[in-house]
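In terms of my numbering, the sequence shown opens at residue 2 and continues consecutively.
Every residue, glycine too, gets a C-beta built ideally from N, C-alpha and C.
Written out below as structure tokens is the structure these notes cover.
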Amino acid sequence: MTHGIALVGCGSAVPAASVSNALLSERVDTNDEWIRTRTGIGARRVSGPDEPLTVLAARAAEAALAHAGWSAEDLDLILLATSSPDDLFGTAPRVQAAIGANRSVAFDLTAACSGFLFALITAGQYLATGAMTRALVIGADQLSRWVDWDDRRTCVLFGDAAAAVAVEACPAESTGLLGFRMRSDGSRNGCLTLAQTAEHAPLLADLTAQRGGFAPIQMNGQEVYKFAVREVPAILAELLDATGTRADQLDWLLLHQANQRILDAVADRFQVPHGRVLSNLAHYGNTSAATIPLMLDEAVKDGRVQPGHLLASSGFGAGLSWGGALLRWSGPQG
Ligand code: COA
Numbered sequence: 002m003t004h005g006i007a008l009v010g011c012g013s014a015v016p017a018a019s020v021s022n023a024l025l026s027e028r029v030d031t032n033d034e035w036i037r038t039r040t041g042i043g044a045r046r047v048s049g050p051d052e053p054l055t056v057l058a059a060r061a062a063e064a065a066l067a068h069a070g071w072s073a074e075d076l077d078l079i080l081l082a083t084s085s086p087d088d089l090f091g092t093a094p095r096v097q098a099a100i101g102a103n104r105s106v107a108f109d110l111t112a113a114c115s116g117f118l119f120a121l122i123t124a125g126q127y128l129a130t131g132a133m134t135r136a137l138v139i140g141a142d143q144l145s146r147w148v149d150w151d152d153r154r155t156c157v158l159f160g161d162a163a164a165a166v167a168v169e170a171c172p173a174e175s176t177g178l179l180g181f182r183m184r185s186d187g188s189r190n191g192c193l194t195l196a197q198t199a200e201h202a203p204l205l206a207d208l209t210a211q212r213g214g215f216a217p218i219q220m221n222g223q224e225v226y227k228f229a230v231r232e233v234p235a236i237l238a239e240l241l242d243a244t245g246t247r248a249d250q251l252d253w254l255l256l257h258q259a260n261q262r263i264l265d266a267v268a269d270r271f272q273v274p275h276g277r278v279l280s281n282l283a284h285y286g287n288t289s290a291a292t293i294p295l296m297l298d299e300a301v302k303d304g305r306v307q308p309g310h311l312l313a314s315s316g317f318g319a320g321l322s323w324g325g326a327l328l329r330w331s332g333p334q335g
């Protein structure tokens, strides 16, 4: 690897409609107290008819470009992490066209709630080898399409959002991606799925053909919870060890926003004060691939995350998949 990777801009976009726990309890048998104490979630955004994924992702992309001081033609790569595409053939090209990033290649990457972290690491490899110079990594999901709104065990958790980070090649010694780890365990896939419904319809005399469609999200909440509180600390400990980093050197924990109790458990494991654990669960819930860049954007824009700050990040979720990255925020390069 000859180059490093600098994180130089970020942006986000959320749907206009916010659904509070109290409002949701008008639809499904739940209540604000249960949701807040078990998850930390207070509200979630739900996309309207004029807010398809492409529109939110393009708005987030444009905000990140503006923050970085780039024009869309500067981009070599757009990587869109999503599990809820507008088009199963790929939504990234639609985003590319919407923002006018004519020179870039654009494609989707699917790894559920680990998607943004996996995409950031993947984009980083093209920059590190010198194959590309500037990339936009977008995390965008609309799980409101895929939850069963009558299943209180899942529908209260998820919301919609899009967010993006601009990354560019830089000298190796000033890299903002100091280390990473990625893992998958497909043997536990059944814990959390948004699976195809395998319907077959007659095609010819002796032949049927599949009819496309997906079942709503199915989740074993307790298994996913146990997975997260075991694997996230383990992979972060491995990462800190490999990079020679002490937990007290971290400015922030930037974790996938799934449940406040998971954030607190990870913080306690590393004795990181809860004030240094970024959380916006109260406002947005779990926005899947969007949580990490959405949280980063909020904390950069309100001044909590400053240039030079060190962040330990972890994404985890369906697959099962999980990963960690040690990041240094650069901010716009003037
Ligand atoms: N409102 C009110 N009651 C609810 C409820 C809701 N939204 N959801 C579940 N309950 C009830 C259950 O029916 C159950 O009642 P019972 O004991 O009478 O049967 C009770 O609350 C406890 O349910 P349980 O599923 O054991 O709760 P829990 O403490 O495990 O919390 C989760 C459930 C989903 C909050 C928790 O398991 C979790 O956060 N898991 C991780 C999920 C996650 O993060 N997924 C995404 C990963 S990317």
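### Message
Contact defined as beta carbons within less than 8 Å: I believe Gly-318 pairs with Ala-113. What is the distance between those atoms, to the nearest angstrom?
### Response
4 Å
### Message
Here's the rule: buried if 16 or more other CB atoms are within 10 angstroms of the residue's CB, otherwise exposed. What is Ser-145?
### Response
buried
### Query
If you measure from the CB of Gln-223, is any heavy atom of the ligand COA nearer than 7 Å?
yes
### Buried or exposed by the 16-neighbour rule on C-beta atoms within 10 Å, applied to Ser-175
So Ser-175 counts as exposed.
### Query
How big is the Cα-Cα spacing for Leu-264 and Asp-151?
27 Å
### Query
Is there at least one non-hydrogen atom of the ligand COA closer than 7 Å to the beta-carbon of Phe-119?
no
### Query
Is Leu-237 closer than 8 Å to Ser-315 when the C-beta atoms are compared?
yes
### Message
In this structure, how does DSSP classify Pro-50 when only helix, strand and coil are distinguished?
### Response
Three-state result, Pro-50: coil.
#### Entry: Residues near Ser-72 by beta carbon distance below 8 Å, same chain, minus five either side
Leu-66
### Query
Per DSSP, what kind of secondary structure is Pro-172 in: helix, strand or coil?
strand
### Message
My output table needs one value for His-275: the three-state DSSP class, helix, strand or coil.
### Response
helix
### Message
Among Pro-333, Gly-49, Asn-281 and Phe-271, whose alpha-carbon lies nearest the alpha-carbon of Gln-143?
### Response
Gly-49
### Task
Answer yes or no: do Ile-42 and Gly-140 have a C-beta to C-beta separation smaller than 8 Å?
No, the pair does not count as a contact, with Cβ atoms beyond the cut-off.
### Query
What do you reckon, are the CB atoms on Thr-83 and Thr-111 nearer than 8 Å?
yes
### Query
From Leu-89 to Ser-322, what distance separates their C-alpha atoms?
21 Å
### Message
Given the structure, does Gly-318 come close to the ligand COA, in the sense that its CB is under 7 Å from one of the ligand's heavy atoms?
### Response
yes
### Message
Considering Cα atoms alone, identify which of Asn-287, Arg-153 and Pro-333 is closest to Arg-46.
### Response
Asn-287
### Task
Give me whichever residues DSSP pairs with Val-138 in a beta bridge.
Leu-80 and Val-166
### Query
To which residues of the same chain is Ser-331 closer than 7 Å at the C-beta, ignoring the five residues directly before and after it?
Ala-7, Leu-8, Val-9, Gly-177 and Pro-308
### Message
With H, G and I counted as helix, E and B as strand and the rest as coil, what does DSSP make of Asp-265?
### Response
Looking at Asp-265 - three-state DSSP - the assignment turns out to be helix.
### Query
Is Asn-287 helix, strand or coil when you go by DSSP?
strand
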